[in-house]
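First the structure, in the form of structure tokens, and then the observations on it.
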Amino acid sequence: MIWLGWRQLRTQAATLYAAVAVCAVVAVITGSALPRSGPDVFDLLTPGDRRLYFTGVIVMALAPALVGAFLGAPMVARELESGTHGLAWNQSVTRTRWLATKLVLSAAAVAVAVGALSLAVTWWAAPLDGASSSTRGSLPGRLTPVSFAMRGLAPVGYAVFALLLGVAIGILLRRSVPAIAVTLAVFTFVQIAMPLWVRPHLLRPTTQLVSVSADTIAGIGFHNEDPVPTLEVQSPPGAWVLSDRTVDAAGRVVPVPSSFVECVPRPPRPDQPDGPGVVNIRERMDTCLSQLAAAGYRQRLVYQPAGRFWPLQWAETGVFLALSGLLAWFCFWRVRRL
Amino acid sequence: MSAREGAVVATHGLGKRYRRRWALTDCTLEIPAGHVTGLVGPNGAGKTTLLNLAAGMLTPTTGSIEVCGGRPASGAAQLARVGYVAQDTPTYSGLSVADHLRLGARLNPRWDAGLATRRIAALGLDPAQKAGRLSGGQRAQLALTMGLAKRPELLILDEPVASLDPLARREFLQGLMEAVAEDGFSVLLSSHLVADLERVADHLLVLVDSRVRVTGEVEDLLATHHRLSGPRRDPATLPADQHVVSASSTDVQSTFVVRTDQPILDPAWTVGRLTLEDVVLAYMSPGAEPRPALEMVR
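Respectively, the protein sequence lines represent chains A and B.
The first sequence begins at 81 in this note's numbering and counts up one residue at a time.
The second sequence begins at 358 in this note's numbering and counts up one residue at a time.
So this is what it looks like as structure tokens:
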């Protein structure tokens with residue numbers, strides 16, 4: 081059975097490995113030319129480097145989806161649609177063994193390929209993740225939703241999950257093309273749902289009450305016509321901030337008090353250059369902030385600290401492998417009853 | 358249910374439902390070992406469903422089925438005992454003929470590589486040819502070769518020649534007969550073309566609406582069925598040993614198809630011989646009375 085499993089997989093596997101090899105070569109060539117350390121990494125990046133950085137993110141987001149859609153979905157669906165399951169299931173091999181061989185071979189091939197791809201991209205992006213410049217901006221850290229699932233081990237979990245999702249949907253729909261479309265849709269939903277609703281709760285986040293002062297404040301945000309601003313305090317380096325809310329002395333989430341709104345100077349408008357000077361604004365602001373702190377207001381900062389990267393990676397990979405196990409069980413159950 | 362000795366397929370109250378439609382209901386039958394049994398019946402009689410159940414491609418909704426003494430597809434050993442060539446004679450279009458033989462060799466403990474290679478050579482198939490490029494007849498032959506080289510105790514063929522032209526049809530059935538003559542395994546094949554079955558089957562089973570209308574050896578069926586035509590007559594007045602299979606009458610004349618072991622003595626009848634197709638059609642015609650299945654034993 082291993083022979084047949086491999087014979088049916090080898091073309092797709094070759095394509096997959098060729099694509100991974102191309103990506104790895106590109107990563108090694110461009111990666112060697114990157115500034116790889118130092119405090120001013122961000123300032124040394126060219127626009128091309130930044131484009132490559134986000135290309136890496138997109139490649140890692142697409143790879144599992146493509147694996148699920150083009151390797152997983154047709155795996156059994158194509159057999160059911162062309163009737164070849166009638167040939168395969170009438171050899172002296174049970175359906176369970178037939179499916180087990182196909183699943184194990186393809187899952188192993190996919191895990192290794194996507195693992196290698198992730199290794200290349202993670203290595204390439206390591207100096208850039210979270211790189212920031214004091215003046216010109218920054219790149220997202222590796223714990224943020226932009227790049228967390230595109231680094232380290234997690235892509236392997238995503239890819240194996242996408243593969244089994246595709247196989248299961250293919251078995252359900254019994255048609256390749258609809259199965260490919262549904263797999264892409266469902267997997268995209270999972271990719272979005274994971275950082276929104278699941279990942280923040282995989283490990284209990286750290287909660288910290290920060291008293292607002294000129295040293296801790298990171299920004300005051302005015303939103304459109306809303307007169308009440310929101311405050312943001314500085315978070316530990318590399319942390320993934322889940323929420324940053326103003327609380328009163330009793331610990332309740334409240335809007336910034338009106339006394340502060342009245343106190344705080346409006347930012348100078350570009351069309352009114354003759355407003356109060358920048359120095360004056362800064363002094364006024366310090367006074368407002370210390371009044372706010374004195375009234376018992378704090379910022380409650382909820383975040384995953386940078387050190388959680390690997391624990392979260394393991395947890396998320398574990399979640400996807402467990403889901404893959406459930407999907408595999410479903411596939412076996414369904415194939416026995418077809 | 359315990360299968361009678363010598364039955365290669367035995368079902369009891371077998372039923373299969375697809376969602377809300379029953380394809381087969383309460384089917385009880387036995388198919389003897391050591392025969393080439395032809396399964397005939399009108400479309401929708403449940404032939405394909407029955408064969409799929411026997412091969413283990415489907416699981417019964419109700420009742421039981423035993424094939425070669427075991428539950429279909431219950432394990433690798435049971436799968437090895439039964440060969441099945443499905444209606445559309447599926448092959449992997451991306452694999453070559455040689456790949457198919459390799460597949461068979463890897464997946465079947467009793468695979469007869471010599472037989473497979475000889476048959477492919479005799480058919481003039483190029484082993485390097487992709488199965489997707491074969492003609493319908495060649496594909497059917499490849500599927501049959503795989504079924505034969507597996508060396509099953511029972512080979513099930515579902516409408517194997519339906520898509521073939523008359524020449525390919527003859528070659529296919531010829532190949533099947535040669536293999537049976539050599540190895541003496543049991544064959545169960547379905548067709549709605551009796552003429553095809555007549556060439557290979559020595560045993561016949563007519564299935565109408567999940568019920569066995571008649572089953573028996575072809576020779577016996579031919580010897581015991583007669584067409585009687587003569588002056589109009591009530592079928593109830595026929596001798597007790599003459600079972601009326603089908604009856605048609607005009608104002609002055611009656612034509613009956615009857616089954617009897619006894620000679621026809623009444624001089625009023627013109628007695629006609631029936632072909633196998635006539636017998637089958639008599640049982641399949643709407644006028645044929647449903648009756649409990651009677652088994653013809655020599």
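Glycine included, C-beta positions come from ideal geometry on N, C-alpha and C.
From a predicted model like this one, the values you see are computed outputs, not experimental measurements.
At a cut-off of 8 Å, the C-beta of B/Ala443 has a neighbouring C-beta in chain A. Here B/Cys384 is bridged, per DSSP, to B/Leu371.
Counting only the Cα atoms, A/Leu381 lies some 23 Å from A/Ala395. Ranked by Cα distance from B/Leu505, the first of A/Asp328, A/Ala386, A/Gln171 and A/Pro337 is A/Gln171. Residues of chain B with a Cβ closer than 7 Å to the Cβ of A/Gly85 do not exist; the shortest Cβ-Cβ separation is about 10 Å.
Taking the beta carbon of B/Gly432 as reference, the chain A residues within 7 Å of it are Thr174, listed in sequence order.
DSSP places B/His549 outside both helix and strand once states are collapsed to three, so it counts as coil. Listed by position along chain B, the residues whose Cβ is nearer than 9 Å to that of A/Met81 are Arg463 and Leu464. Not one beta carbon of chain B lies nearer than 8 Å to the beta carbon of A/Arg255. About 11 Å separates the Cβ atoms of A/Val226 and A/Gly136, ruling out a contact at the 8 Å cut-off. Note that the C-beta distance between B/Leu512 and B/Gly451 is not below 8 Å. Judged by beta-carbon spacing, A/Leu219 lies within the 8 Å limit of A/Tyr133, meaning their Cβ atoms are closer than that value. DSSP places B/Gly494 in the uninterrupted alpha helix (DSSP H) bounded by Gly493 to Ala506.
By the rule that beta-carbons nearer than 8 Å mark a contact, A/Trp169 touches chain B.
None of the residues of the stretch 281-315 of chain A has a beta carbon lying less than 8 Å from any beta carbon of chain B.
Listed along chain B, the residues sitting closer than 7 Å to A/Arg417 by beta-carbon distance are Thr416. Residue environment for A/Asp209: buried (at least 16 other C-beta atoms within 10 angstroms of its C-beta). Secondary structure at A/Gln379: strand, using DSSP grouped into helix, strand and coil. DSSP places B/Asp515 in the strand class (E or B) of the three-state scheme. Across the structure, A/Val105 and A/Ala196 are spaced so that their CA atoms are roughly 12 Å apart. The C-beta of A/Asn304 has fewer than 16 other C-beta atoms within 10 Å across all chains shown, which makes the residue exposed.
Boundaries of the alpha helix (DSSP H) harbouring B/Glu576: Val575 to Thr581, taken from the DSSP string. Taken atom to atom, the span from the alpha-carbon of A/Ala149 to that of A/Val415 is near 19 Å. Against chain A, a Cβ distance below 7 Å from B/Arg374 picks out nothing, because the smallest value is about 13 Å. Here DSSP, grouped into helix, strand and coil, assigns B/Arg378 to strand. Closer than 8 Å to the CB of B/Pro447 there is at least one CB belonging to chain A. Taking every protein chain shown into account, the CB of A/Val247 has 16 or more other CB atoms within 10 angstroms, so this residue is buried. Annotation: the continuous beta strand (DSSP E) that includes A/Thr310 extends over Thr310 to Val313. Using a Cβ-Cβ cut-off of 8 Å, B/Gly440 counts as an interface residue toward chain A, since at least one Cβ of chain A sits closer than that to its own.
Interface flag for B/Leu482 against chain A is unset, since no Cβ pair is found closer than 8 Å. Under the criterion of beta carbons closer than 8 Å, A/Pro345 and A/Arg364 qualify as touching, at roughly 5 Å.
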